[in-house]
């Protein structure tokens, strides 16, 4: 990227967005954050002169729209379930109209699955198609992460030294660290725009079984941790009790024959994109040991 470029970040204060911003700051890249709470931005990143904040929220996009001119690229993450498609589509349109040449869109591994397999995957696919069909657009790179390791800090926290899921203990699952998503996004946002064009990158950094997961927790935390297989209804209630909307909790808790085995792998392309092996679950748990 050229030294005069500034990157606009939407969704920069959560687990993934924070990682993206920190990676960009490490590279001395100027960043503009659209954020509801400027004080939270300062708490997360300190008084960094590379950061500008545009205060605002998704109820009124006019502050965002008026601040886009002068930016060359955008990282776009939306966690608003009900307005996900609307917000991503509107913001992308505003971005291209302002002259932004590249959007790195945080999508979902579910967008890779067959048509309308899940609600969440379908909405991600609608957004990707809407952006790609815009006239006079720049490029759009979509990142499709699998299960987030950060879920273990929120929705799937250990309960009385038990880690739980709905599958057999010897069935592998794919997981990705928010740190790797941030590293991939930052690499794309700082390399030649034409290099990545309209790429799609699926992201799965570790593939482990629930039994191995329990062993990792036990080893890192230095206490007994076991795995318990629970029903889909029990897992659903766990997610709902954490504030998850029905469609998110349902998708996270239920099995679908067409997709269950799809993400039980490690994406070997991550090393190509960021120049290192992806973070393992053990490394992620070790780095967040004090939170368990």
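In the working numbering, the protein residues as written are 6 to 297.
C-beta atoms are modelled at their ideal positions from N, C-alpha and C, and glycine is treated no differently.
Being a predicted model, the structure only gives us computed values, none of them experimental.
Q. Residue 126 lies in the alpha helix (DSSP H); which residues open and close that run?
A. Counting from one through the chain shown, the residue named residue 126 turns up at place 121. From DSSP, the alpha helix (DSSP H) with residue 126 extends over 124-137.
Distance between beta carbons of residue 81 and residue 191, contact taken as under 8 Å
Residue numbering aside, residue 191 sits at position 186 when the chain shown is read from its first letter. Residue numbering aside, residue 81 sits at position 76 when the chain shown is read from its first letter. Residue 191 to residue 81, Cβ: 14 Å. No contact.
Take residue 291 and list the residues in its own chain whose beta-carbon comes closer than 8 Å to its own, dropping the five residues that flank it on each side. Counted from its first residue, the chain shown places residue 291 at position 286. Excluding the 5 residues flanking it on each side, residue 291 has same chain C-beta neighbours closer than 8 Å at 225, in chain order.
message: Please state whether the Cβ-Cβ distance between residue 229 and residue 166 is less than 7 Å.
response: Here residue 229 refers to the residue found at position 224 of the chain shown. Here residue 166 refers to the residue found at position 161 of the chain shown. Residue 229 places its beta carbon less than 7 Å from that of residue 166.
Self-check item: Span separating the alpha-carbon of residue 44 from that of residue 251
Solution: Stepping through the chain shown from its first residue, residue 44 is reached at position 39. Stepping through the chain shown from its first residue, residue 251 is reached at position 246. Inter-residue distance for residue 44 and residue 251 is about 31 Å (C-alpha atoms, whole angstroms).
| field | Pair within 7 Å by beta-carbon distance, residue 270 and residue 187 | value | As a working note, residue 270 is residue 265 in the chain shown. As a working note, residue 187 is residue 182 in the chain shown. In this structure, the beta-carbon distance from residue 270 to residue 187 does not fall below 7 Å.
**Study point:** Segment contact, 8 Å Cβ cut-off, at least three pairs: the segment 231-239 with the segment 133-146
**Key:** The segment 231-239 is not in contact with the segment 133-146.
**Prompt:** What number of angstroms, rounded off, separates the C-alpha of residue 121 from the C-alpha of residue 51?
**Reply:** On the chain shown, residue 121 is found 116 positions in, with the first residue counted as 1. On the chain shown, residue 51 is found 46 positions in, with the first residue counted as 1. Whole-angstrom Cα-Cα distance: 42 Å.
Taking the alpha-carbon of residue 151 as reference, which of 211, 138, 248 has the nearest alpha-carbon? For the purposes of this step, residue 151 is identified with residue 146 of the chain shown, where counting begins at 1. Answer by Cα proximity: 211.
query: Roughly how many angstroms lie between the CA atoms of residue 49 and residue 137, to the nearest whole one?
result: By 1-based counting over the chain shown, the position of residue 49 is 44. By 1-based counting over the chain shown, the position of residue 137 is 132. Spanning the two alpha carbons is a distance of roughly 33 Å.
**Message:** Starting from residue 3, trace the beta strand (DSSP E) in both directions and tell me its first and last residue.
**Reply:** Residue 3 lies beyond the stretch modelled for the chain, which goes from 6 to 297, so this question has no answer here.
- Measuring CB to CB, does residue 286 end up less than 7 Å from residue 221? Here residue 286 corresponds to residue number 281 of the chain shown, with the count starting at 1. Here residue 221 corresponds to residue number 216 of the chain shown, with the count starting at 1. Cβ atoms of residue 286 and residue 221: closer than 7 Å.
Exercise for review: Please classify residue 107: is it buried, with 16 or more other beta-carbons within 10 angstroms of its beta-carbon, or exposed?
Suggested key: Taking the first residue of the chain shown as 1, we reach residue 107 at position 102. If you draw a 10 Å sphere on the C-beta of residue 107, you find 16 or more other C-beta atoms in it, and that means buried.
Margin query: Here's the rule I'm using: 16 or more other beta-carbon atoms within 10 Å means buried, otherwise exposed. How should residue 32 be labelled?
Written below: As a working mapping, residue 32 is identified with position 27 in the chain shown. With fewer than 16 other Cβ atoms inside 10 Å of its own Cβ, residue 32 counts as exposed.
_Out of 18, 280, 135, which one is the CA nearest neighbour of residue 47?_
In the chain shown, the residue the question calls residue 47 occupies position 42. Nearest C-alpha to residue 47: 18.
Notebook entry, point to check: Three-state secondary structure (DSSP) at residue 181?
Noted result: By one-based count along the chain shown, residue 181 stands at place 176. When secondary structure is reduced to three states using DSSP, residue 181 falls in the strand class.
Checklist line | Local conformation of residue 222 per DSSP, three classes | finding: Numbered from 1 along the chain shown, position 217 holds the residue referred to as residue 222. Note: residue 222 maps to helix in three-state DSSP.
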